[in-house]
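Residue numbers (full-length UniProt numbering), protein chains in the order written: chain A, 1 to 232; chain B, 1 to 232.
Ideal placement from N, C-alpha and C gives every residue a C-beta, glycine not left out.
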């Protein structure tokens, strides 16, 4: 039988998994809203972000309460602190889905995404969904190998992000400046979403192995800011 | 005389102020590197980000050590947890300065910023410096009114950010897609830098008053993602 501390920690872990579910649902709906110029769907994503924020507040209060009541030390202490960091990442992932929904809303009744980039955005949406599902599985299983597989999924996202820049800078871009600005921002939101997911997975690895993955590998290429895989 | 716990907390607070100093210096040099297409300066900003990351790691270790040794509860506990969140914000501010330096490096020997937007970027650089200096002062003084003044500085940054979009989308943009992409990203980095500074100030207010400022006020306007004043 588990003691009170580890029971509480299990509860926190379940909340984190629930946050991945909400962030994934938000991102999936935001992608559809963006591609279909679906205003109602966009509004629903924007409104629902409140729920992820609430969940984070609850989780952080549980964690602080646990620190105060149980006074954990060593690994137990690090687990609680790390859970709070994961909740910050997951809340941010919800924000990024909301940002994408806002771009959809801003350009309604048009779609912000010109036809030439629709396949790339569809792929980014799928990749984001895959990544956040894997993140939930990793929090649940604490499987280090599964966590490492997430780094590869993030590489796929980075490749899609580069594809956006390649399309924009190919010299044949004829969709105007507004569309260029929109896809630049949207591309960055998807990429950051994946970065935060990887950050969550790295925290799981850290909890299991005590070692923090190399967080600042430079990714060569045309784009900038791809090396965002850091702790924030 | 202060007890061991509050002495340690003072030390952590001093480290946070030092982090604002480093982030401010990085941002100031990144702005110069960007405007002057100064490769060496850009490289030095990119390399120096390591120092901010180190400081954050040290600070977090001090905080975790303090939790383990002193087992604080109630307000004392919240102070330590909040300090760790501040260090995350400040580390991220360093990352954003590094991103700007990377744009400078990517476009060297050209400047990424076309003449029409130089005055706006100069202003954003100044605003960023002002904001981070104020952030350091607020951490030191824990003055709630000073913290609230930071919200206004952030409004000034948001206005500059909108100015970039207005210039891009005025219909008279003739600087090409690459420059549009660069200034879109650079503008976002400055804006996020200010957001994180405001987030630090809000945490100070929270520590003093126990109340968390409204974090999600919508800013109407042409741009997207301006309502990023959240906890991450």
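Quick one: is residue i buried, meaning 16 or more other Cβ sit within 10 Å of its Cβ, or exposed?
i	result
residue 125 of chain B	buried
residue 72 of chain A	buried
residue 7 of chain A	exposed
residue 54 of chain A	exposed
residue 256 of chain B	Only positions 1 to 232 of chain B appear in this structure, which leaves residue 256 of chain B out of reach.
residue 74 of chain B	exposed
residue 184 of chain A	buried
residue 161 of chain B	buried
residue 50 of chain A	exposed
residue 209 of chain B	exposed
residue 145 of chain B	exposed
residue 134 of chain B	buried
residue 95 of chain A	buried
residue 91 of chain A	buried
residue 2 of chain A	exposed
residue 202 of chain A	buried
residue 11 of chain A	exposed
residue 141 of chain A	exposed
residue 88 of chain A	buried
residue 47 of chain B	exposed
residue 69 of chain A	exposed
residue 36 of chain A	exposed
residue 211 of chain B	exposed
residue 58 of chain A	exposed
What residues of chain A sit near residue i, judged by a beta carbon separation below 8 Å?
i	result
residue 64 of chain B	77, 78 and 81
I'd like to know if residue i contacts chain A, where contact means its C-beta is closer than 8 Å to some C-beta of that chain.
i	result
residue 203 of chain B	no
residue 45 of chain B	no
residue 116 of chain B	no
residue 178 of chain B	yes
residue 229 of chain B	Confidence is the limiting factor: at residue 229 of chain B the pLDDT is only 43, short of 50, which leaves the residue's position unreliable and the question unanswerable from this model.
residue 9 of chain B	no
Step through the CB atoms of chain B and report whether any lies within less than 8 Å of the CB of residue i.
i	result
residue 135 of chain A	no
residue 68 of chain A	yes
residue 71 of chain A	yes
residue 169 of chain A	yes
residue 232 of chain A	Unreliable positioning characterises residue 232 of chain A in this predicted model, as indicated by a pLDDT of 34, which lies under 50. A coordinate reading is not provided.
So the alpha helix (DSSP H) residue i belongs to, where does it begin and stop?
i	result
residue 40 of chain B	39 to 70
residue 87 of chain B	74 to 107
residue 25 of chain A	4 to 36
residue 131 of chain B	118 to 141
residue 207 of chain A	176 to 209
residue 164 of chain B	144 to 168
Name the chain A residues whose beta carbon is nearer than 7 Å to that of residue i?
i	result
residue 184 of chain B	181, 184 and 185
By the criterion of Cβ-Cβ separation under 8 Å, what are the contact partners of residue i in chain B?
i	result
residue 162 of chain A	Going along chain B, no residue has its Cβ under 8 Å from residue 162 of chain A, so there is no contact; the nearest lies around 13 Å.
residue 188 of chain A	185 and 188
*Quick one: any contact between the segment 30 to 46 of chain B and the segment 92 to 101 of chain B, if contact means 3 or more CB pairs under 8 Å?*
yes
_Validate contact between the segment 163 to 179 of chain A and the segment 176 to 193 of chain B using beta carbons, cut 8 Å, 3 pairs_ = yes
*asked:* Three Cβ pairs or more, each shorter than 8 Å: is that satisfied between the segment 80 to 92 of chain B and the segment 141 to 158 of chain B?
replied: no
_Within 8 Å, do at least three Cβ pairs link the segment 108 to 122 of chain A to the segment 26 to 34 of chain A?_
yes
*Counting pairs of Cβ atoms below 8 Å between the segment 107 to 115 of chain B and the segment 11 to 25 of chain B, do you hit three or more?*
no
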